[in-house]
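Participant: Structure in structure tokens, see below.
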Amino acid sequence: MEKLITIYINGREYKVEPNQTIMQAADKLGFHIPRLCYHPKLSIEGACRVCIVEVEGAKSYVASCAYPVNEGMKIHTNTQELRRARRDIVELLVDNHPMDCHTCERDGNCELQRLAASMGIRARHFEGERKQYGVDVSGDSVIRNPDKCILCGRCVRMCSEIQQVHNLTQAHRGFNTVVMPAYNMPMAESVCTACGQCINVCPTAAFLEKNYTQDLFEKLNDPNLIKVAQFAPSVRAAIGEAFGLEPGSNMEGQLVAALRKLGFDYVFDTQFSADLTIMEEATEFLERVQNKGKLPMITSCSSAWMKCLEQFYPDLIDNVSTCKSPMSMQSAVTKTYFAQKLGVDPKKILSVAAMCCTAKKYEAARPELNVEGMRATDIVVTTREIAWMIKSAGIDFLNLKPEEQDHPLGMSSGAGVIFGTTGGVMEAAIRTAYELYTGQTLVDIEVEDLRGLKGVKEGKVLMDGQEIRVAVAHGLGNACKLLDTVRKDPGRYHFIEIMGCPGGCVGGGGQPYAGVNSIPLDEGALRKRAQALYDEDRSKTIRRSHDNPDIQKLYKEFLQRPGSHVAHELLHTHYKQKFPKGIVPKSSLQ
Amino acid sequence: MSEITQEKKDELKAFIAECSQKQYPDSYLIAVLHKVQGMFGYLPREVMDQVADMMQIPTAHIWGVATFYHYFNLKPIGKHTISVCLGTACYVKGAAEILDAIKRELGIQVGQTTEDMLFTLQEARCLGACGIAPVIMIDDKIYGELDAKKVIALINQYRKGVQVA
Ligand code: SF4
Ligand code: SF4
Ligand code: SF4
Ligand code: FES
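Protein chains in written order, with numbering that gives the first Met the number 0: chain W, 0 to 589; chain D, 0 to 164.
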């Protein structure tokens with residue numbers, strides 16, 4: 000450890016480590032300096048100046064997020080004059096803001112509201128010029144409302160630094176600055192992957208998911224429809240946060256009960272189809288290994304990654320598994336197998352997915368995923384939307400008695416559960432592939448090397464003497480690095496898992512907003528959500544997809560065997576290059 | 000001058016190839032955009048796409064730079080650029096009426112170009128000719144002591160292709 004230095008904050012002496020910013024030092028000492036454009040995972044922009052502090056001897060206030068501590072530095076964080084200056088800065092932001100809070104989707108969990116309240120802004124002194132650009136609703140997943148943007152730049156840095164999509168820029172300058180895609184293109188025509196991470200980091204309502212809650216309420220009231228729900232693993236691990244619980248509270252049983260109370264006739268589980276995905280994907284992988292097919296095989300369940308593939312990596316399309324995502328598999332068997340079981344016209348089935356993901360809205364609208372000429376998934380709502388619906392319907396979520404999912408598409412193995420976290424799909428696939436290949440049961444089924452939040456993880460499995468090399472990446476930026484390696488050295492891996500969001504689906508673009516004392520995409524929260532899934536896996540007696548009796552039944556009664564003709568018809572798809580072509584700058588791959 | 004020909008594309012390619020030999024190729028983006036504007040009079044989207052591809056710089060970054068500098072035209076400009084001075088002296092002497100008269104005559108707003116691609120209209124802050132206010136500049140020529148009537152006569156002369164000294 001380096002030698003400590005002495006600094007003074009508000010007149011008191013502290014020993015701190017050098018080589019850090021005033022904000023970092025202050026955070027550790029229990030002084031929370033207000034901030035806006037700063038995010039620990041992103042580069043420092045120093046744009047908003049909300050974080051100013053007084054440093055004795057400095058000519059003007061300094062931005063504490065960018066300014067390093069020095070020996071003997073005397074810092075003031077809360078003088079009257081400073082408070083006033085800070086309040087003026089936030090007041091200016093508020094003056095140009097629509098401030099239609101009571102009709103705004105972020106009312107109650109907006110950082111600008113919280114900031115204004117903590118500054119003591121209680122009146123509007125100036126009526127600044129408002130922005131009137133209008134809302135871009137062109138995309139299936141993400142809508143952009145520059146009128147609510149306060150130009151903190153977090154979305155731009157998220158999209159380019161963490162996701163390497165580089166879809167957004169701050170165009171023009173001064174008051175006329177607008178966050179937009181290149182050429183002011185509509186989001187639907189841009190390179191946007193619909194990952195929704197810009198929504199997660201935006202302090203205001205300038206980025207939102209396309210909301211389907213009203214549509215869903217309407218359909219839930221239609222007596223002619225059979226309403227069928229599925230929900231993703233990560234939804235149960237995070238939805239409690241929208242009701243004030245700690246991250247990592249597993250609310251599976253309460254969510255099932257709440258979905259029934261909302262009016263769903265059948266509550267199934269995407270985890271069932273995660274097992275189904277593993278059956279198909281493991282079979283496809285072994286086929287490629289045995290018949291010298293294209294390797295490495297890359298997973299295909301992350302919708303944002305699929306859009307990224309088509310625009311940024313069209314040369315790797317043949318490497319990607321033809322398996323549909325669990326959500327789309329689930330909807331496909333709902334509208335065929337399940338409809339036949341019920342003896343109803345599949346057109347009468349409303350298939351709804353509650354997802355941690357915004358890109359799943361885009362995926363559901365892909366025409367190539369249609370089943371029997373109709374959409375397989377009719378409506379996708381995010382964790383945030385379903386939480387809002389539960390509240391809006393007056394359901395006492397936290398006190399619900401846990402209920403169980405319905406058969407025959409609701410039961411899952413532990414392998415299906417861990418699909419929600421980075422490394423989970425690979426771990427689940429190994430559990431099944433090993434047994435299919437060697438005919439023996441894998442004893443040590445927890446693959447530690449593939450767990451955790453390292454950007455790119457590697458592992459090895461020995462199957463009958465053959466070494467299978469696997470790799471896992473989460474967040475599209477990490478995926479780009481891994482795929483760059485694949486382009487240069489195609490023989491290095493056999494099997495690769497990619498999830499588009501940081502942490503995997505647990506960090507999806509549709510998860511609850513950060514609360515008062517947390518920050519968007521906090522790693523601690525991501526770990527706890529993942530832990531909830533690993534715990535559920537451990538609590539199950541059945542932990543391998545191929546041991547799930549409902550999966551065995553589905554193959555016996557309907558799909559015949561993994562990779563069969565019917566399975567291919569319903570559960571597999573193909574990808575095509577899409578334009579505009581995306582560009583990842585070389586400098587960011589090092 | 001704004002036609003995108005294969006020859007021009009090749010010329011640009013050579014220019015970028017030259018830049019990419021230098022130490023920090025990314026920092027030559029502004030130079031490259033200057034070159035593009037010099038060749039086409041503005042930054043055509045198709046050419047910006049080409050620059051993005053050749054320099055491997057995301058289009059959003061290029062768009063950020065292109066919109067930041069007022070110097071860059073994002074739309075094709077007319078054969079003649081009319082700049083109306085709205086500096087204090089000109090303003091006091093009726094620049095607003097002159098601007099209105101031009102807008103009415105050409106049927107365009109500031110920043111726009113007439114459909115026949117003859118004129119682009121811009122505002123200017125003091126052209127340094129306050130002595131003969133109100134003034135306008137067409138391309139690189141200054142015209143002073145104008146009124147609404149004179150300015151329309153001037154435009155008509157340009158339409159006929161006659162340029163007065
Ligand atoms: S974004 Fe925040 S401050 Fe703006 S209107 Fe919505 S709730 Fe209010
Ligand atoms: S949804 Fe993802 S890819 Fe699209 S603009 Fe937002 S961060 Fe970028
Ligand atoms: S859209 Fe949101 S995150 Fe992006 S700059 Fe505006 S306020 Fe910040
Ligand atoms: S948080 Fe420091 S300048 Fe914005």
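All C-beta atoms, glycine included, are put in the ideal place defined by N, C-alpha and C.
May I ask you to list, following chain order, the residues of the stretch 54-71 of chain D that have a beta carbon less than 8 angstroms from some beta carbon of chain W?
Facilitator: Within the stretch 54-71 of chain D, the qualifying residues are Gln55, Ile56, Pro57, Thr58, Ala59, His60, Ile61, Trp62, Gly63, Thr66, Phe67.
Participant: Would you list the residues whose beta-carbon is nearer than 6 angstroms to any heavy atom of ligand 6, in the order they occur in the chain?
Facilitator: Of the ligands one can find in the structure shown, namely ligand 1, ligand 2, ligand 3 and ligand 4, none is ligand 6.
Participant: Are the Cβ atoms of Leu475 (chain W) and Cys194 (chain W) separated by less than 8 angstroms?
Facilitator: To locate residue 475 (chain W), count along the first sequence from 1; it is residue 476. To locate residue 194 (chain W), count along the first sequence from 1; it is residue 195. Cβ atoms of Leu475 (chain W) and Cys194 (chain W): closer than 8 angstroms.
Participant: Using a threshold of 8 angstroms, state whether the C-beta atoms of Ala62 (chain W) and Gly63 (chain D) are closer than that.
Facilitator: Your numbering for residue 62 (chain W) matches position 63 in the first sequence. Your numbering for residue 63 (chain D) matches position 64 in the second sequence. The answer is no: Cβ separation not under 8 angstroms.
Participant: Give every residue of the same chain whose Cβ lies closer than 8 angstroms to the Cβ of Ser42 (chain W), excluding the five residues on either side of it in the sequence, and list them in chain order.
Facilitator: Residue numbering aside, residue 42 (chain W) sits at position 43 when the first sequence is read from its first letter. So the qualifying residues of the chain are Arg156, Glu160.
Participant: I'd like the list of long-range same chain contacts for Lys577 (chain W), defined as Cβ closer than 6 angstroms, with 5 residues on each side in sequence excluded.
Facilitator: On the first sequence, position 578 is the one that residue 577 (chain W) refers to. For Lys577 (chain W), where only same-chain residues beyond five positions count, the Cβ hits under 6 angstroms are Glu309, Gln310.
Participant: Determine the DSSP secondary structure at Phe230 (chain W), reduced to helix, strand or coil.
Facilitator: In the first sequence, the residue the question calls residue 230 (chain W) occupies position 231. Residue state, collapsed to three classes: strand.
Participant: Pick out every residue whose C-beta is nearer than 6 angstroms to a heavy atom of ligand 2: which are they, in chain order?
Facilitator: My final list is W:Val141, W:Met157, W:Cys158, W:Gln162, W:Val164, W:Asn166, W:Leu167, W:Cys191, W:Thr192, W:Ala193, W:Cys194, W:Gly195, W:Gln196, W:Cys197.
Participant: State the DSSP-derived secondary structure class of Lys459 (chain W), mapped to helix, strand or coil.
Facilitator: To locate residue 459 (chain W), count along the first sequence from 1; it is residue 460. Strand.
Participant: Can you check the stretch 365-391 of chain W for any beta strand (DSSP E) of at least 3 residues that lies completely inside it and give the ranges in chain order?
Facilitator: Taking only runs of at least 3 residues, the beta strand (DSSP E) segments lying wholly in the stretch 365-391 of chain W are 378-381.
Participant: Which whole-angstrom value is the C-beta distance of Ala414 (chain W) and Ala281 (chain W), which I expect to be below 8 angstroms?
Facilitator: Start at 1 with the first residue of the first sequence, and residue 414 (chain W) comes out as number 415. Start at 1 with the first residue of the first sequence, and residue 281 (chain W) comes out as number 282. About 10 angstroms separates the two Cβ atoms, so there is no contact after all.
Participant: Which stretch, first to last residue, makes up the alpha helix (DSSP H) that contains Phe494 (chain W)?
Facilitator: Your numbering for residue 494 (chain W) matches position 495 in the first sequence. No alpha helix (DSSP H) contains Phe494 (chain W), which is instead part of the beta strand (DSSP E) from 494-498.
Participant: Assuming contact is defined by CB atoms lying nearer than 8 angstroms, are Asn290 (chain W) and Ala205 (chain W) in contact in what I supplied?
Facilitator: What you label residue 290 (chain W) is simply residue 291 of the first sequence in a count that begins at 1. What you label residue 205 (chain W) is simply residue 206 of the first sequence in a count that begins at 1. No, these two residues do not count as a Cβ contact at 8 angstroms.
Participant: Can you tell which of W:Thr420, W:Asp264, W:Cys322, W:Ala46 has its C-alpha closest to the C-alpha of Phe337 (chain W)?
Facilitator: As a working note, residue 337 (chain W) is residue 338 in the first sequence. Among W:Thr420, W:Asp264, W:Cys322, W:Ala46, the Cα nearest to that of Phe337 (chain W) is on W:Asp264.
Participant: Starting from Ala25 (chain W) and walking both ways along the beta strand (DSSP E), at which residues does that stretch end?
Facilitator: For the purposes of this step, residue 25 (chain W) is taken as the residue at position 26 of the first sequence. Taken as a continuous stretch (DSSP letters only), Ala25 (chain W) belongs to no beta strand (DSSP E), being part of the alpha helix (DSSP H) at 21-27.
Participant: Note down, in chain order, each residue of its chain lying with its Cβ closer than 8 angstroms to the Cβ of Ile61 (chain D), except the 5 sequence neighbours on either side.
Facilitator: Translated into the one-based positions of the second sequence, residue 61 (chain D) becomes position 62. Closer than 8 angstroms at Cβ, skipping near neighbours: Leu28, Leu32, Met47, Val50, Ala51.
Participant: Could you name the residues of the same chain whose beta carbon sits closer than 6 angstroms to that of Gly124 (chain W), not counting the 5 residues immediately before and after it, in chain order?
Facilitator: Against the first sequence, residue 124 (chain W) aligns to sequence position 125. As written in the sequence, residue 124 (chain W) is His, which differs from the Gly given in the question. Taken in chain order, the list of residues that qualify is empty.
Participant: For Leu207 (chain W), write down the residues that DSSP places opposite it in a beta bridge.
Facilitator: As a first step, residue 207 (chain W) must be located in the first sequence, where it is residue number 208. Its beta-bridge partners are W:Ile142.
Participant: Excluding the 5 residues preceding and the 5 following Cys47 (chain W) in the sequence, name in chain order all residues of the same chain whose CB lies nearer than 6 angstroms to its CB.
Facilitator: Taking the first residue of the first sequence as position 1, residue 47 (chain W) is located at position 48. Leu35, Cys36, Cys151, listed in sequence order.
Participant: Beta carbon of Gln112 (chain W): closer than 7 angstroms to some heavy atom of ligand 1?
Facilitator: The residue labelled residue 112 (chain W) in the question sits at position 113 within the first sequence. For ligand 1, at least one heavy atom lies less than 7 angstroms from the Cβ of Gln112 (chain W).
Participant: With respect to 7 angstroms, is the separation between the Cβ of Leu81 (chain W) and the closest non-hydrogen atom of ligand 4 below this value?
Facilitator: Working through the first sequence from its first residue, we reach residue 81 (chain W) at position 82. Leu81 (chain W) Cβ: outside cutoff for every heavy atom of ligand 4.
Participant: Please name the residue in W:Arg374, W:Thr421, W:Ala529, W:Leu588 whose C-alpha comes closest to that of Lys480 (chain W).
Facilitator: Against the first sequence, residue 480 (chain W) aligns to sequence position 481. Checking every option, the nearest Cα to that of Lys480 (chain W) belongs to W:Leu588.
Participant: Along the stretch 37-53 of chain D, what residues have a CB closer than 9 angstroms to any CB found in chain W?
Facilitator: Under the 9 angstroms Cβ criterion, the stretch 37-53 of chain D contributes Arg44, Met47, Asp48, Ala51, Asp52.
Participant: Indicate the three-state DSSP secondary structure (helix, strand or coil) for Arg468 (chain W) in the structure shown.
Facilitator: Along the first sequence, one-based indexing puts residue 468 (chain W) at 469. It is a strand residue.
Participant: From the beta carbon of Arg172 (chain W), is the nearest beta carbon of chain D less than 8 angstroms away?
Facilitator: Counted from its first residue, the first sequence places residue 172 (chain W) at position 173. By this cut-off, Arg172 (chain W) is an interface position.
Participant: If you check the beta carbons only, do Gly499 (chain W) and Ile198 (chain W) fall under 8 angstroms apart?
Facilitator: Along the first sequence, one-based indexing puts residue 499 (chain W) at 500. Along the first sequence, one-based indexing puts residue 198 (chain W) at 199. No; because the gap between Cβ atoms is not below 8 angstroms, this pair is not in contact.
Participant: Verify the contact flag: Ala115 (chain W), CB atom, against every heavy atom of ligand 4, threshold strictly below 7 angstroms.
Facilitator: For this step, residue 115 (chain W) is matched to residue 116 along the first sequence. Result no, Cβ not under 7 angstroms from ligand 4.
Participant: Please classify Tyr37 (chain W): does DSSP put it in a helix, a strand, or coil?
Facilitator: Locating residue 37 (chain W) in the first sequence gives position 38, where the first residue counts as 1. Looking at Tyr37 (chain W) - three-state DSSP - the assignment turns out to be coil, as it is neither helix nor strand.
Participant: Tell me the rounded alpha-carbon separation between Gln329 (chain W) and Phe271 (chain W).
Facilitator: Locating residue 329 (chain W) in the first sequence gives position 330, where the first residue counts as 1. Locating residue 271 (chain W) in the first sequence gives position 272, where the first residue counts as 1. For Gln329 (chain W) and Phe271 (chain W), the distance between alpha carbons rounds to 8 angstroms.
Participant: Using a Cβ-Cβ cutoff of less than 6 angstroms, which residues in the same chain neighbour Pro246 (chain W) once the five nearest sequence positions on both sides are dropped?
Facilitator: Counting from one through the first sequence, the residue named residue 246 (chain W) turns up at place 247. Cβ within range, chain order: Glu240, Ala524, Lys527, Arg528.
Participant: Run through DSSP, which three-state label would Leu244 (chain W) get?
Facilitator: The residue you call residue 244 (chain W) lines up with position 245 of the first sequence. It is coil, neither helix nor strand.
Participant: Quick one: list the residues of chain D neighbouring Gln169 (chain W), beta-carbon separation under 7 angstroms, in chain order.
Facilitator: Position 170 of the first sequence, counted from the first residue, corresponds to residue 169 (chain W). Result: Gly63.
Participant: Using 7 angstroms as the cut-off, classify the Cβ of His564 (chain W) as near or not near the heavy atoms of ligand 1, replying yes or no.
Facilitator: If you number the first sequence from 1, residue 564 (chain W) lands on position 565. Result no, Cβ not under 7 angstroms from ligand 1.
Participant: Residues around ligand 4, please: the ones whose beta-carbon is closer than 6 angstroms to some heavy atom of it, in chain order.
Facilitator: Selection output, chain order preserved: W:Arg34, W:Leu35, W:Cys36, W:Tyr37, W:Gly45, W:Ala46, W:Cys47, W:Arg48, W:Val49, W:Cys50, W:Ala62, W:Cys64.
Participant: Quick check: the Cα distance between Gly77 (chain D) and Cys89 (chain D), rounded to an integer number of angstroms?
Facilitator: The residue given as residue 77 (chain D) occupies position 78 in the second sequence. The residue given as residue 89 (chain D) occupies position 90 in the second sequence. Answer to the nearest angstrom: the Cα atoms are 24 angstroms apart.
Participant: Taking the continuous beta strand (DSSP E) assigned at His75 (chain W), which residues delimit it?
Facilitator: Sequence index remark: in the first sequence, residue 75 (chain W) carries index 76 (1-based). Taken as a continuous stretch (DSSP letters only), the beta strand (DSSP E) holding His75 (chain W) covers 73-75.
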